[in-house]
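A.B. asks: Dropping the structure in here first, questions after.
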Amino acid sequence: MHVHHHHTAEDFLSTVHPYIPEASANIVLAHAWGLKNTSASAENLGGATGLAAMSKVPENFWLTVWQTTDVASKSLVAVAACVRGELGNCPIFLWSTRREMLERAMNSVADEIVAFLASRLLHTRVFSVFGNYSLVNAFTSAWIKRTGFRNFPEPYYHASFLACTIDTLTASDGYIPEQDTVRMAGKGDLRVVSQMCEQFAKLSIHFPLSADRAAFEASHMISHEQLFVYEHDSMITSICAVTRETQNVVAITKVYTSPAFRKNGYAERLVRYVTRRMLLDRKKTAVVLYAGVENSARSVYERIGFRPPRPESETEAEVLEVGFIGTEKGHW
1 MHVHHHHTAE DFLSTVHPYI PEASANIVLA HAWGLKNTSA SAENLGGATG
51 LAAMSKVPEN FWLTVWQTTD VASKSLVAVA ACVRGELGNC PIFLWSTRRE
101 MLERAMNSVA DEIVAFLASR LLHTRVFSVF GNYSLVNAFT SAWIKRTGFR
151 NFPEPYYHAS FLACTIDTLT ASDGYIPEQD TVRMAGKGDL RVVSQMCEQF
201 AKLSIHFPLS ADRAAFEASH MISHEQLFVY EHDSMITSIC AVTRETQNVV
251 AITKVYTSPA FRKNGYAERL VRYVTRRMLL DRKKTAVVLY AGVENSARSV
301 YERIGFRPPR PESETEAEVL EVGFIGTEKG HW
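In structure tokens, the structure reads:
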């Protein structure tokens, strides 16, 4: 088992491209994909990828964990991403394969990742960790043991990974009532959708947004054509955000309906419209999302065609986010 450090998006993406499934690994790939052609990703702090070569780390970096079976064969078993988003530092994102060899070496993989992060980062930077259920649990135990930072008793988030492809998308006539409209959000919608972003963040409890920061988030999504709205009688009732885009995959990261308009099917029509647009017009091979294990919206997503990974796949369906006490919380 050995670890490589990647301090540019280009280096990380070129290294993992042949080995990593783009849909299930969206959480660790998307930020790098967004950075790969920007000056921020060109930051070079030494040129080497080995652990010993780095005395400090850039704001965004990635770790890859490999298992070598013989001289000519190596397998990618895990990835850790330490990145910063538009609204601040993100959790430590983890992805892992579900191969038997990883199951046998889960604690070793977590120890390798923790050893690097603990030696290079302020420990308060690791405010939470999100990713495959088994690896997050192993990481949490290793982080507590090495740093002494305790985790909150209840997880921040426990969810299932779901994906919709052209093959699983369910048939629909795409009916939208005459008085309703589905469209991309524009600058004129900023006041309303900012308020909805703020309300959505309040639901998460752990990552609330002030009105100003919600307005910044909404403005960013509008300018990048990432936000769609559902209107009923010219009033915006629901929003759907599509972010974390890679070459062939995009993630739905925010679905919210104002309380006064719920149970009318607006969100389902909006998500179906957005999903179809991504698959048919944008030619994405998959649209992915996370649905809380106790979230009633999961049945809505399943009606549209979102499915968990097949049992024979290498993707673990359950994901977990664990928060740490006494840290400097970011946002995602």
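The opening position of the sequence shown corresponds to residue 1 in full-length UniProt numbering, with each subsequent residue numbered one higher. Even for Gly, the Cβ is constructed at its ideal location relative to N, Cα and C.
In whole angstroms, what separates the C-alpha of residue 318 from that of residue 138?
C.D. replies: Against the sequence shown, residue 318 aligns to sequence position 318. Against the sequence shown, residue 138 aligns to sequence position 138. Cα to Cα, residue 318 sits roughly 14 Å from residue 138.
A.B. asks: According to DSSP, is residue 12 helix, strand or coil?
C.D. replies: The residue you call residue 12 lines up with position 12 of the sequence shown. Three-state DSSP puts residue 12 in a helix.
A.B. asks: Residue range of the alpha helix (DSSP H) that residue 33 falls in?
C.D. replies: Mapped onto the sequence shown, residue 33 falls at position 33. Looking at the DSSP string, the run of the alpha helix (DSSP H) that includes residue 33 is 26–35.
A.B. asks: With 16 as the cutoff for other CB atoms within 10 Å, does residue 348 come out buried or exposed?
C.D. replies: What the structure shows of the chain is the stretch from 1 to 332, and residue 348 is not part of that stretch, so it cannot be assessed.
A.B. asks: Are the stretch 197–217 and the stretch 270–281 touching by the rule of at least three beta carbon pairs closer than 8 Å?
C.D. replies: The stretch 197–217 vs the stretch 270–281: no contact.
A.B. asks: Can you tell which of 238, 175 and 169 has its C-alpha closest to the C-alpha of residue 303?
C.D. replies: Within the sequence shown, numbered from 1, the residue matching residue 303 stands at position 303. If we check each option's Cα against that of residue 303, 169 comes out closest.
A.B. asks: Please classify residue 2: does DSSP put it in a helix, a strand, or coil?
C.D. replies: Locating residue 2 in the sequence shown gives position 2, counting from the first residue. Reduced to three states, the DSSP call for residue 2 is strand.
A.B. asks: Compute the Euclidean distance between the alpha carbons of residue 140 and residue 192, then round it to the nearest angstrom.
C.D. replies: Translated into positions along the sequence shown, residue 140 becomes position 140. Translated into positions along the sequence shown, residue 192 becomes position 192. Approximately 39 Å between the Cα atoms of the pair.
A.B. asks: Per DSSP, what are the beta-bridge partners of residue 66 in this structure?
C.D. replies: Locating residue 66 in the sequence shown gives position 66, counting from the first residue. DSSP lists 2 and 76 as partners of residue 66.
A.B. asks: Are there 16 or more other CB atoms within 10 angstroms of the CB of residue 262, so buried, or fewer, so exposed?
C.D. replies: In the sequence shown, counting from the first residue as 1, residue 262 sits at position 262. Label assigned to residue 262: exposed.
A.B. asks: State the Cα-Cα distance for the pair residue 40 and residue 243, rounded to the nearest angstrom.
C.D. replies: The residue given as residue 40 occupies position 40 in the sequence shown. The residue given as residue 243 occupies position 243 in the sequence shown. Low confidence applies here, because residue 40 scores a pLDDT of 49, under 50, leaving its location unreliable; read the following figure in that light. One C-alpha to the other measures close to 19 Å.
A.B. asks: In chain order, what residues of the same chain lie with their CB nearer than 7 Å to the CB of residue 322, ignoring the 5 residues before and after it?
C.D. replies: Along the sequence shown, read from residue 1 onward, the residue named residue 322 stands at position 322. Answer for residue 322: 128, 129, 136, 140, 151, 155 and 156, listed in chain order.
A.B. asks: Using 8 Å as the cut-off, can you tell me whether the stretch 287–298 makes contact with the stretch 245–254, which would need three or more C-beta pairs spanning the two stretches below that distance?
C.D. replies: Contact between the stretch 287–298 and the stretch 245–254 is present, because at least three Cβ pairs lie under 8 Å.
A.B. asks: Should residue 11 be labelled buried (16 or more other beta-carbon atoms within 10 Å of its own) or exposed?
C.D. replies: Residue 11 sits at position 11 when you count from the first residue of the sequence shown. Flag for residue 11 reads buried.
A.B. asks: What does residue 95 pair with, by DSSP beta-bridge criteria?
C.D. replies: Along the sequence shown, read from residue 1 onward, the residue named residue 95 stands at position 95. DSSP lists 79 as partners of residue 95.
A.B. asks: Is it buried or exposed, residue 179, if we count other Cβ atoms within 10 angstroms and call 16 or more buried?
C.D. replies: The residue labelled residue 179 in the question sits at position 179 within the sequence shown. So residue 179 counts as exposed.
A.B. asks: Find out if the Cβ-Cβ distance for the pair residue 333, residue 65 is shorter than 8 Å.
C.D. replies: With the chain covering 1 to 332 only, the question about residue 333 has no answer from this structure.
A.B. asks: Does the stretch 188–202 come close enough to the stretch 217–235 that 3 or more CB-CB pairs lie under 8 Å?
C.D. replies: Touching, yes, given that three or more Cβ pairs across the two stretches are closer than 8 Å.
A.B. asks: Taking the alpha-carbon of residue 231 as reference, which of 63, 245 and 266 has the nearest alpha-carbon?
C.D. replies: Here the question's residue 231 lines up with position 231 in the sequence shown. Taking only the C-alpha atoms, the option nearest residue 231 is 266.
A.B. asks: Using beta-carbon positions only, say whether residue 109 and residue 77 come within less than 8 Å of one another.
C.D. replies: Working through the sequence shown from its first residue, we reach residue 109 at position 109. Working through the sequence shown from its first residue, we reach residue 77 at position 77. Yes.
A.B. asks: What residue does the beta strand (DSSP E) around residue 156 start on, and which one ends it?
C.D. replies: Taking the sequence shown and counting its residues from 1, one reaches residue 156 at position 156. Here residue 156 belongs to no beta strand (DSSP E), and DSSP marks it neither H nor E.
A.B. asks: Alpha carbon to alpha carbon, what distance is there between residue 87 and residue 217?
C.D. replies: To locate residue 217, count along the sequence shown from 1; it is residue 217. To locate residue 87, count along the sequence shown from 1; it is residue 87. For residue 217 and residue 87, the distance between alpha carbons rounds to 7 Å.
A.B. asks: With DSSP as the reference, identify every bridge partner of residue 221, one or two as the case may be.
C.D. replies: Taking the first residue of the sequence shown as position 1, residue 221 is located at position 221. Residue 221 pairs with nothing; no bridge assigned.
A.B. asks: Assign residue 237 to buried or exposed, taking buried as 16 or more other Cβ atoms, counted over all protein chains shown, within 10 Å of its Cβ.
C.D. replies: One-based indexing of the sequence shown puts residue 237 at position 237. Classification for residue 237: buried.
A.B. asks: Among 144, 309, 167 and 164, which has the Cα closest to the Cα of residue 132?
C.D. replies: For the purposes of this step, residue 132 is taken as residue 132 along the sequence shown, with counting starting at 1. Selected option, being the one with the closest Cα: 309.
A.B. asks: To the nearest angstrom, report how far apart residue 125 and residue 315 are at their CA atoms.
C.D. replies: The count along the sequence shown starts at 1 and reaches residue 125 at position 125. The count along the sequence shown starts at 1 and reaches residue 315 at position 315. Their Cα atoms are separated by approximately 28 Å.
A.B. asks: My output table needs one value for residue 326: the three-state DSSP class, helix, strand or coil.
C.D. replies: Counting from 1 along the sequence shown, the entry for residue 326 is found at position 326. In this structure, residue 326 counts as coil in the three-state DSSP scheme.
A.B. asks: Do you know offhand how far residue 74's Cα is from residue 96's?
C.D. replies: The count along the sequence shown starts at 1 and reaches residue 74 at position 74. The count along the sequence shown starts at 1 and reaches residue 96 at position 96. Rounded to the nearest angstrom, the two C-alpha atoms are 15 Å apart.
A.B. asks: Count the other C-beta atoms from every protein chain shown that fall within 10 angstroms of the C-beta of residue 24, then say buried if there are 16 or more, exposed otherwise.
C.D. replies: Counting from 1 along the sequence shown, the entry for residue 24 is found at position 24. Looking at its Cβ environment, which holds 16 or more other Cβ atoms inside 10 Å, residue 24 is buried.
A.B. asks: Is it true that the CB of residue 246 sits closer than 8 Å to the CB of residue 33?
C.D. replies: In the sequence shown, counting from the first residue as 1, residue 33 sits at position 33. In the sequence shown, counting from the first residue as 1, residue 246 sits at position 246. Yes, they are a contact pair.
A.B. asks: What first and last residue would you give for the alpha helix (DSSP H) that runs through residue 113?
C.D. replies: Along the sequence shown, one-based indexing puts residue 113 at 113. Where residue 113 is concerned, the enclosing alpha helix (DSSP H) stretches over 106–120.
A.B. asks: Starting from the Cα of residue 89, find the closest Cα among 116, 104 and 121 and give me that residue.
C.D. replies: Looking up residue 89 in the sequence shown gives position 89. Ranking 116, 104 and 121 by Cα distance to residue 89 puts 121 first.
A.B. asks: Hey, residue 79 and residue 63 are a contact pair by Cβ (cut 8 Å); roughly how many whole angstroms apart?
C.D. replies: Counting from 1 along the sequence shown, the entry for residue 79 is found at position 79. Counting from 1 along the sequence shown, the entry for residue 63 is found at position 63. Indeed, because the Cβ distance is near 7 Å, the residues count as touching under 8 Å.
A.B. asks: Enumerate in chain order the residues of its own chain whose CB-to-CB distance from residue 305 is below 6 Å, with the five nearest sequence positions on each side excluded.
C.D. replies: Counting from one through the sequence shown, the residue named residue 305 turns up at place 305. Same-chain partners within the cutoff: 164, 168, 169 and 170.
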